[in-house]
Amino acid sequence: MIVMAAASPAGAQGTKGAQGAPGTKVSPYAQRYAELCASCHGANGRSDMAGTPVLAGQHSFYAITQLYLFREGRRDNPAMTAVAKTMKDEDLRGFSDFIATLPAVPAPPPATPPDAARMARGQALAQENRCLLCHGADLSGGQQVPRIAQQHEDYLQLTLQGFRTGKRPGYTQAMGEAVGRMSPEDLDTLAYYVARFPGATAKPSSTPPR
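Residue numbers (our numbering): 4 to 213.
Below, the structure written as structure tokens:
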């Protein structure tokens, strides 16, 4: 949710994409998302910027927790912290609830087919390190566990490295323990696999609790 100028062409496109169909009730945070978030994260929540995570299909509980960590300076991202510091508690809830309404969007078809051997190794790593136990068989997560299926590869790499070094905070020590024993090569292979996770289809995220 890195802030960009709302008057930029990307911001204008984001406003249009987040307003919804005529006659439908639109969250007041749809417009604010379009102004603050869409130019980086995409109007539909699927960003095309390097290092910027996909938000489409993400869960409200996870989103609000991350916004809180950014606001309190417990996640190291100056741009996100600057945005989150402008938010009151009700804004954290409003933004996270709106994000949870964005349906998951499949990744665009790759220019070249995934490397079969690397995908097989990545699948084995996901099973060996019990990724599916928390993130689910389809890697869609739930509540405080994020959806990671077809997340951007570079963002996954940064996140896994952050857990490995202790720079990225987690709810428990589970992620640090899981990736701490993995080699950098295996972390990259796992990110490669998750980013190209087969069978991830577009589906609405759960309706956020009120």
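All C-beta atoms in this analysis are idealised placements derived from N, C-alpha and C, irrespective of residue type, glycine included.
| said: Bridge partners for G145 per DSSP, in chain order? | reply: As a first step, residue 145 must be located in the sequence shown, where it is residue number 142. Answer is V148.
| message | Whether or not the region 173-185 and the region 101-118 are in contact is what I'm after, with contact meaning three or more pairs of Cβ atoms, one per stretch, closer than 8 Å; do they touch? | response | no
| field | T132 versus G202 - alpha carbon distance | value | Sequence index remark: in the sequence shown, residue 132 carries index 129 (1-based). Sequence index remark: in the sequence shown, residue 202 carries index 199 (1-based). Per the sequence shown, the amino acid found at residue 132 is Asn instead of Thr. Distance between the alpha carbons of N132 and G202: 21 Å.
| task | Would you kindly check if the distance between the Cβ of R150 and the Cβ of Q61 is under 7 Å? | result | Position 58 of the sequence shown, counting from 1, holds the residue named residue 61. Position 147 of the sequence shown, counting from 1, holds the residue named residue 150. Against a cut-off of 7 Å, the Cβ pair of R150 and Q61 comes out as a contact.
| message | Quick check on this structure: which residue in G97, F73, D79 has the alpha carbon closest to the alpha carbon of K88? | response | By one-based count along the sequence shown, residue 88 stands at place 85. Nearest of G97, F73, D79 to K88, Cα basis: F73.
| The alpha helix (DSSP H) with Q69 in it runs from where to where? | Reading the sequence shown from its first residue, position 66 is the one you call residue 69. It spans 63-74 - the alpha helix (DSSP H) in which Q69 sits, taken as one unbroken run.
| request: Can you tell me the Cβ-Cβ gap for F200 and Q130, rounded? I've got them flagged as a contact below 8 Å. | output: Counting from one through the sequence shown, the residue named residue 200 turns up at place 197. Counting from one through the sequence shown, the residue named residue 130 turns up at place 127. With 8 Å as the limit, F200 and Q130 do not qualify as a contact, their Cβ atoms being about 13 Å apart.
| Between which two residues does the alpha helix (DSSP H) carrying G179 extend? | Numbered from 1 along the sequence shown, position 176 holds the residue referred to as residue 179. Where G179 is concerned, the enclosing alpha helix (DSSP H) stretches over 177-183.
| Using DSSP with H/G/I as helix, E/B as strand and the rest coil, what is S186? | Here residue 186 refers to the residue found at position 183 of the sequence shown. Three-state DSSP puts S186 in coil, outside helix and strand.
| Do the CB positions of A99 and S63 come within less than 7 Å of each other? | Sequence index remark: in the sequence shown, residue 99 carries index 96 (1-based). Sequence index remark: in the sequence shown, residue 63 carries index 60 (1-based). First, the amino acid is wrong: residue 99 is Ser here, not Ala. It is a contact, given that the beta carbons lie within the stated cut-off.
| How is H44 classed by DSSP in three states: helix, strand or coil? | Stepping through the sequence shown from its first residue, residue 44 is reached at position 41. The answer is helix: DSSP assigns H44 an H, G or I state.
| task | Return the chain-ordered list of same chain residues with a C-beta closer than 7 Å to the C-beta of E75, the five sequence neighbours on each side being excluded. | result | Within the sequence shown, residue 75 is the residue found at index 72, counting from 1. Nothing listed; no residue qualifies.
| message | Please report the straight-line C-alpha distance between Q134 and S42, rounded to a whole angstrom. | response | By 1-based counting over the sequence shown, the position of residue 134 is 131. By 1-based counting over the sequence shown, the position of residue 42 is 39. Looking at the sequence provided, one finds Cys at residue 134 rather than Gln. Cα to Cα, the separation comes out at about 31 Å.
| field | Exposure of T115, with buried meaning 16 or more beta-carbon neighbours within 10 Å | value | Residue 115 sits at position 112 when you count from the first residue of the sequence shown. Classification for T115: exposed.
| said: On a Cα-Cα basis, can you pick out the residue from S50, D189, V182 that is closest to R121? | reply: Counting from 1 along the sequence shown, the entry for residue 121 is found at position 118. The shortest C-alpha separation from R121 is found at D189.
| Taking DSSP as the reference, what is the three-state secondary structure of T192? | Taking the first residue of the sequence shown as 1, we reach residue 192 at position 189. Residue state for T192 is assigned as helix, using DSSP reduced to three classes.
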